[in-house]
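Each residue of the sequence shown is one higher than the one before, starting from 227 at the first, in our numbering.
Ideal placement from N, C-alpha and C gives every residue a C-beta, glycine not left out.
Below you'll find the structure, written out as structure tokens, and then a few comments.
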Amino acid sequence: MLNWKLDLRLLAFIQIFISLLMGVPTALSFYYQETEAQTGFLIAYLSVAIFCSLVFILVKKPLKKTMLARDGYLVVSITWIMATAFSAIPLAASGAFVDYS
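In structure tokens:
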């Protein structure tokens, strides 16, 4: 049986960490005064941080704190999918790239 609460909290924590790493290019875009990149990174940085923080806060701590192999595979797979999806937000939000292909 999957431990959904533990999995969701772990996914939210990992994505919060990834959104904090997005702060580095955000700061660099302010330093180099790149306005297109600033809007894209700020939208991505804040939306991911707020969404994942809400998930982390709303999902209560699980009673059972053991992860099975199935939980690990699920968390790793979803983490890769979410990391690539959330990391593509600055490209779409900045308007610099209109097509991914």
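- Note on geometry: alpha-carbon atoms of V250 and F282 lie some 23 Å from one another.
- Apart from sequence neighbours up to five positions away, the residues of its chain that approach I242 with a beta-carbon distance below 6 Å are C278, ordered along the chain.
- CA-CA distance, I276 to A238, rounds to 10 Å.
- DSSP places Q264 inside the alpha helix (DSSP H), whose first and last residues are 261-284.
- Excluding five sequence positions before and after T261, none of the CB atoms of its chain fall closer than 7 Å to its own CB.
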